[in-house]
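The sequence shown begins at 2 in our numbering and counts up one residue at a time.
All residues carry an ideal CB built from backbone N, CA and C; glycine is no exception.
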Amino acid sequence: MVYHSRGDYPKAAELYRASLKSWEEATDKPPEDYEIVAANYADLLRSLGKARKAQQLEARARKRRRG
Numbered sequence: 002m003v004y005h006s007r008g009d010y011p012k013a014a015e016l017y018r019a020s021l022k023s024w025e026e027a028t029d030k031p032p033e034d035y036e037i038v039a040a041n042y043a044d045l046l047r048s049l050g051k052a053r054k055a056q057q058l059e060a061r062a063r064k065r066r067r068g
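This is the structure we're talking about:
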């Protein structure tokens, strides 16, 4: 989140992707945490003009929440 707020979007994106991948592979992580990271990454994607990718990410997070 620090990189995101400072405008270092490439580094922020890298860290968001790594977090999401880690949580997708883990079975004991609460879905709420995953959704927070997904929402932050989606916000970043929108800042980069990638609204469609942001929507896809949010849909994947909602699907994960529902199980």
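How do the region 44–57 and the region 20–27 stand: do at least 3 beta-carbon pairs fall below 8 Å, yes or no? no
Presumed contact (8 Å Cβ cut-off) between Tyr17 and Tyr35, rounded CB distance: Stepping through the sequence shown from its first residue, residue 17 is reached at position 16. Stepping through the sequence shown from its first residue, residue 35 is reached at position 34. Contact flag wrong, Cβ pair sits at about 11 Å.
Would you tell me roughly how many angstroms separate the C-alpha atoms of Arg66 and Glu26, rounded to the nearest one? Translated into positions along the sequence shown, residue 66 becomes position 65. Translated into positions along the sequence shown, residue 26 becomes position 25. Computed Cα separation, rounded: 14 Å.
Just the C-alpha distance for Ala39 and Ala14, rounded to the nearest angstrom, thanks. Here residue 39 is taken as the residue at index 38 of the sequence shown, counted from 1. Here residue 14 is taken as the residue at index 13 of the sequence shown, counted from 1. If I take the Cα positions, the gap works out to 11 Å.
Leu45 and Tyr10 closer than 8 Å at C-beta: Within the sequence shown, the letter at position 44 stands for residue 45. Within the sequence shown, the letter at position 9 stands for residue 10. Cβ atoms of Leu45 and Tyr10: closer than 8 Å.
Less than 8 Å between C-beta atoms, sequence neighbours within five positions excluded: which residues of the same chain meet that for Tyr4? Indexing the sequence shown from 1 puts residue 4 at position 3. For Tyr4, where only same-chain residues beyond five positions count, the Cβ hits under 8 Å are Tyr10, Lys12, Ala13 and Leu16.
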